[in-house]
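In our numbering, the protein residues as written are 1197 to 1473.
Taking it in order: structure first as structure tokens, then the write-up.
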Amino acid sequence: MNTTTATTTTNAPTPSPWRAPEISLRWWPVFLRNLLVWRKLAIPSLIGNIAEPLIWLVAFGYGMGALVGQVAVDGVKVPYILFLASGSICMSAMNAASFEALYSAFSRMHVQKTWDGIMNAPVGLDDIVMAEMLWAAFKSIFTVTAILFVMLGLGISHSPKLIVAWLVLIGAGITFSSIALIFNALAKGYDFFTYYFTLFMTPMMFLSGVFFPLEQLPSAVKAVAAWLPLTNAVALVRPLFMDQWPADWWLHAAVLAVYALVAFWIALALTRKRFKA
1197 MNTTTATTTT NAPTPSPWRA PEISLRWWPV FLRNLLVWRK LAIPSLIGNI
1247 AEPLIWLVAF GYGMGALVGQ VAVDGVKVPY ILFLASGSIC MSAMNAASFE
1297 ALYSAFSRMH VQKTWDGIMN APVGLDDIVM AEMLWAAFKS IFTVTAILFV
1347 MLGLGISHSP KLIVAWLVLI GAGITFSSIA LIFNALAKGY DFFTYYFTLF
1397 MTPMMFLSGV FFPLEQLPSA VKAVAAWLPL TNAVALVRPL FMDQWPADWW
1447 LHAAVLAVYA LVAFWIALAL TRKRFKA
């Protein structure tokens, strides 16, 4: 007597790329791998990252500062070099984090296929994206720390509140690395990043109070600029350079936190779609 057993196969539904992040501590070996590779080029990388912001600081801070003199910040007159330094260090955090999360991360993801090799080990894509975000933030704070020591040597500010400013800059690095990873997930080649720098970063540098007070802008533009991540980073850091506590600090910190969380979630979802994970 023959019996036939009927088997039915059901295709498991494809998980949504917009599902909650699945993060474990396995991001740490990926972070450490990036650190060990970068260690060989740490000095040239540091020089390259701090040279441009210091040139901006010297050229505009001392050159234009001699013409401008002092700038009013919340009714307090401060030297232009201090005004510029407190804004440009936020800009440096943005640039360093963005460059690492764009060009370097794209090289590891698409060109060198490093991510594919890592995923052959028991490391998930979510852990890799998390490691790349934190690595880019680390590179930015490494650069910012070096610039901060140079500013201390120049006597621009000796406020003890600079320690708090350093912590704020860590948060800014996380925010901008998360935003940059969105464009990394969308990019087909290095040329795509030109749109990010030209259409997003460059306008934000001039609309966020880095080089001149926001009060100089038209009201409509100022209303938009108030919600830019760099604007809120500058609003937190500049009073600390002036040895003051920032007003409405919770609002500025909340804006940066929302940008970081939402941007990381979007970057993770787009990366999952790219890898069909």
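By construction, the Cβ of each residue, glycine as well, lies at the ideal position given by its N, Cα and C atoms.
From a predicted model like this one, the values you see are computed outputs, not experimental measurements.
The Cβ-Cβ distance between Ser1404 and Val1430 falls below 8 Å. For Lys1418, the uninterrupted alpha helix (DSSP H) run begins and ends at 1415–1421, by DSSP. Counting along the chain, Ala1268 sits inside the beta strand (DSSP E) bounded by residues 1266–1269. If you check the CB distance, Leu1436 and Ile1343 do not come in under 8 Å. Taking each of Trp1252, Ser1353, Pro1240, Trp1311 in turn and checking the Cα distance to Val1274, the smallest one comes out for Ser1353. Within the same chain, Ile1337, Val1340, Thr1341, Leu1344 come within 8 Å of Trp1362 by CB-CB distance, once the 5 residues on both sides are set aside.
Annotation for Lys1335: Ala1292, Glu1296 place their beta carbon closer than 6 Å to its own, counting only its chain and skipping 5 residues before and after. Around the beta carbon of Met1260, fewer than 16 other beta carbons sit within 10 angstroms, so the residue counts as exposed.
Annotation for Arg1304: Thr1310, Trp1311 place their beta carbon closer than 7 Å to its own, counting only its chain and skipping 5 residues before and after.
Ala1301 and Ala1332 do touch by the CB rule: their CB atoms are close to 7 Å apart, below 8 Å. Taking a cut-off of 8 Å on C-beta distances, the stretch 1451–1464 does not touch the stretch 1386–1403, as fewer than three cross pairs fall below it.
Residue environment: Phe1379 is assigned as buried (16 or more neighbouring CB atoms within 10 Å of its CB, all protein chains considered).
With fewer than 16 other beta carbons inside 10 angstroms of its own, Thr1210 counts as exposed.
Pro1409 is the residue among Ile1366, Ile1219, Pro1409 whose C-alpha sits nearest the C-alpha of Phe1279.
Residue pairing from DSSP leaves Lys1472 without any beta-bridge partner.
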